[in-house]
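Written out below as C-alpha cells is the structure these notes cover.
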Amino acid sequence: MLRDFNGLLIAILDRSLTDEIASYHGDTVLASVEELDSLDGFIQTINSGVVDLILFTETDQIRCLLDGAAAGDFTAQFRDALRQIVIGVMDASCADFLRTQHLTPDFESDQPDRSRFTASIARLAHALVTKKRTAVDAGLETAYWQRIDMKWPHAFDQHNINTESMFLRACRGETTDYTPIWLNRQAGRYQRAYMNLKGEMDFLDMCKIPELTAEITLMAAERLDVDAAIIFADILPILQPLGFHLEYVKGTGPVIHNPIRSGEAVDQLEEVSIDSQQYVYEAIRMVRPALPPTIPLIGFSGAPFTLAAYAIEGGGSKHFQHVKTFMYNDPGAWHAFMEKLARAVTGYLNAQIEAGVQALQLFDSWVGCLSPDDYREFVLPHTGYIFAHLNPRVPTIHFGTGTGALLELMREAGGDVIGLDWRVDLAEAWHRLEYDVAVQGNLDPIILYSSTKNIRKHAEAILHKANGRPGHIFNLGHGILPGTPEDHVIALIDAVHELSTNKQFNH
Ligand code: CP3
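First residue of the sequence shown? That's 319 in our numbering, and the numbers climb one at a time after it.
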C-alpha cells in the first residue's frame with residue numbers, strides 16, 4: 319500500500335529507474351543526475367542533507383559517486399551524508415560493494431529486477447525513511463547495522479507501545495481504518511531473504527539463536543508491511559525439556575524419536591521448566607524495541623492436543639490413530655499428559671508476555687480431527703485451563719484447522735479471536751459465534767499460487783463476508799507454503815489494505 323508517500327526526495331543515477339519510480343507515485347520528488355546537471359551538483363545535494371533515499375542499480379554508480387566526492391575533497395562528508403539516508407540496492411553486487419566501502423544498504427531487492435525493486439521501494443519507502451530517521455536521531459551507527467540493532471525510543475516501556483494499532487483494535491472487536499492483516503508462517507522458506515539467513519543451518523539449531531530468529535522476525539514484518547509481527551520460533555521445541563528427542567528431517571518434517579504410547583511413559587516425563595525456552599524470550603526482548611511501536615508482536619505456543627499428537631504419533635500424521643487410541647484406551651494417562659502440557663504452555667505463554675509480546679496465538683493445528691464430543695471431553699478442559707490462566711493483559715487468538723464442527727466449543731475454551739480456516743464460510747462461522755469474539759482468517763493458502771487477479775478476487779470475497787464488521791483480522795486459513803511466490807503474498811497484503819481502506823464493506 320502506498321501510505322503517505324508524498325514529499326520524499328529520492329536520489330537516483332539511473333534515468334530509467336526515475337521514470338519507473340515516478341510511475342508509482344507522481345508526487346514523489348526525484349533528483350536524477352540529469353536534473354541536477356552534474357555529478358557535483360548531485361553530490362552536493364546529498365551532502366546538504368535534503369535527500370531521504372538513494373537508489374543504486376549498478377556498482378558503477380556507487381563508484382562514480384565516491385570518486386566524484388573524492389575529487390571534490392568531500393569523501394568524509396559524503397560518506398557521512400550517505401549514512402544518514404536510506405540506501406536501496408537492486409542486487410547483491412551493489413550490496414557487497416557498499417560494504418567494502420564501509421556503507422550498508424538499508425534495503426536490498428529480493429530479485430535483481432527493476433520492476434520488483436521499484437515496486438518494493440514504492441511501498442516501503444515511507445517506513446524505511448521513518449526507521450532510518452529514528453535510528454539517526456538516536457545516534458545509532460548504521461554502518462553494518464542489523465535490524466535488531468535498531469531501537470525505537472522507549473519501546474521497552476509497555477506504555478509506549480501503540481495499543482490503538484489496527485491489529486490490537488481488531489482483536490478487541492473495535493473499529494479499524496482498514497482490515498489488519500498478518501500471515502501464519504509469514505517468515506519462512508518461500509522467502510529468499512529467509513533462505514539466505516538460514517544458509518546451511520539446521521532449523522532447530524537456528525531456533526535457538528535469538529539474534530537470528532529476531533532478525534528473521536523483523537525481516538518478514540518489514541518486507542511484507544503487515545500489521546503484526548510473529549516471533550520466529552516453532553511449536554515443538556518445548557517438547558524437548560519434557561524428554562522428547564526432536565529432529566527436523568529434510569523432506570519429512572518434524573520427527574519425535576521416542577514417542578510415548580503408554581501411561582507409564584507419561585509418569586516418567588519431566589516437568590517442564592519454562593526457563594528452558596529462554597532463547598525465545600531473549601528473541602522477544604530483541605525484537606520488541608526494534609519493531610515500530612505501531613506494530614504489535616505476537617507470541618505463540620502449540621496447544622496441548624497438537625503437541626500431544628506429535629509426542630504420541632512421533633511426527634506428522636494423517637489419521638491420528640495413535641493419539642486417539644491412547645486417548646480412548648487410557649483416559650487417566652491422557653488427562654495427566656494434557657495437564658502437564660497445559661501447565662507448561664501456560665507458563666511459556668505468560669513468560670512471553672513478560673518478555674514483551676502484545677498478543678498470543680495458541681496453535682491447535684490438528685484438533686480438527688476430533689468429534690465435538692471428544693473435543694469437549696478430552697481437550698476443552700485443558701485449553702480452557704490455559705486461557706483462564708494467561709495474564710489478561712494481552713489479547714489471545716485461538717487457532718485450529720478443520721475445526722468447522724468445533725468453533726463454538728473453541729470459543730467456550732477461550733480466546734478473544736477465533737482462527738477460521740477456508741473450509742468454513744466466514745460470515746456463517748462468525749454468525750454462529752454470535753459476534754461475541756473477533757475472527758481471523760480465512761484465505762486458502764493454495765490460492766497464493768494462483769494469479770494475482772484471482773488472489774485479489776478471493777481477498778475481496780472474504781472482506782465481503784466480514785462485511786466491515788469490527789473484529790476481523792485477515793489471515794490465511796493455515797500457513798504460507800514453501801514455493802509460494804513472494805510477490806503474490808505482497809499482492810494479497812496490498813489488496814486487503816487497499817480494498818478495506820476504500821470502505822466498500824460497510825457493516
Ligand atoms: O509464522 C511465523 O512466521 C512464525 C514461525 C512458525 C514456524 N512454525 C516456523 C517454521 C510458526 C508460528 C510455526 C508453528 C508451527 N510449527 C505449527 C502450527 C502452525 C501450523 O502450521 O499448523 C506446527 C504444526 C509446527 C510444526 C512444524 N514445524 C512443522 C510441521 C514443520 C515442518 C514444515 C514443513 O513444511 O516441512 C516445522 C518446521 C518449521 N517451522 C519451518 C518453519 C519456517 C520450516 C523449517 C525450515 O526452514 O526448514
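Where a beta carbon is used, it is the ideal one built from N, C-alpha and C, also for glycine.
Note that the structure is predicted; figures quoted are calculated from it, not measured.
Counting C-beta atoms within 10 angstroms of its own C-beta, V567 has fewer than 16 neighbours from the protein chains shown and is therefore classed as exposed. In the DSSP assignment, E631 falls within the unbroken alpha helix (DSSP H) covering 622-631. Shortest Cα-Cα distance from G718 to any of I372, A629, G737 involves G737.
Pairing L536 with R465 gives a Cβ-Cβ distance under 8 Å.
As DSSP reads the structure, G617 sits in a beta bridge with L678. Shown here, H790 sits in a strand according to DSSP, grouped into three states.
Beta-bridge partners of E426 (DSSP): V407. At a threshold of 7 Å, H716 does not count as near the ligand CP3, since its beta carbon sits no closer than that to any of the ligand's heavy atoms. Taken from the Cβ of L400, every heavy atom of the ligand CP3 lies 7 Å or farther away.
Spanning the alpha carbons of D648 and I715 requires a straight line of approximately 30 Å.
The Cβ neighbour count for M513, taken over all protein chains shown within 10 Å, is under 16; the residue is labelled exposed. Between P788 and A779, the alpha-carbon positions lie close to 17 Å from each other. In this structure, S683 has its beta carbon less than 7 Å from a heavy atom of the ligand CP3. Per the coordinates, the alpha-carbon of G390 lies some 20 Å from the alpha-carbon of I330. Its chain contains G797, I798 as the residues whose beta carbon lies nearer than 6 Å to that of R503, once the 5 sequence neighbours on both sides are disregarded; these appear in chain order. R741 has its alpha-carbon roughly 11 Å from the corresponding atom of G686. Using a 10 angstroms sphere on the CB of A539, the tally of other CB atoms reaches 16 or more, which defines it as buried. Listed in chain order, the non-local C-beta contacts of R694 below 7 Å within the same chain comprise L727, local neighbours out to five positions each way being set aside. By the neighbour-count criterion, in which a residue is buried when 16 or more other Cβ atoms sit within 10 angstroms of its Cβ, T493 is exposed. Counting every other CB atom within 10 Å of its CB across the protein chains shown gives A456 a total below 16, marking it as exposed. Nearest in C-alpha terms to T336, of all of L609, T375, P577, is T375.
Approximately 6 Å separates the beta-carbon atoms of G759 and L744; this is inside 8 Å, confirming the contact. Only buried fits L400, as 16 or more other CB atoms lie within 10 angstroms of its CB. The beta carbon of V712 sits closer than 7 Å to those of I671, V675, Q676, A677, L678, all from its chain and outside the five residues before and after it, given in chain order. In the DSSP assignment, V685 is bridged to no other residue. From the listed residues Y703, C382, G634, the smallest Cα separation to L659 is found for Y703. DSSP places E565 within a strand segment (E or B) once states are collapsed to three.
Between H790 and A488 a beta carbon distance of about 6 Å is seen, short of the 8 Å cut, so the two are scored as contacting. In terms of side-chain proximity, the C-beta atom of G634 is found nearer than 7 Å to a non-hydrogen atom of the ligand CP3.
The beta carbon of R774 lies closer than 6 Å to those of A813 in the same chain, with the five residues before and after it left out. The Cβ neighbour count for E589, taken over all protein chains shown within 10 Å, is under 16; the residue is labelled exposed.
Look at H806 here: in three-state DSSP terms it is helix.
With respect to the C-alpha of R507, the residue from L724, F521, P498 having the closest C-alpha is F521. Residues Q402 of the same chain have their beta carbon placed closer than 6 Å to that of V454, with the five preceding and five following residues left out of the count. Under the DSSP definition of a beta bridge, I548 partners with I616.
Of the candidates L587, D385, F360, the residue whose Cα lies closest to the Cα of A662 is L587.
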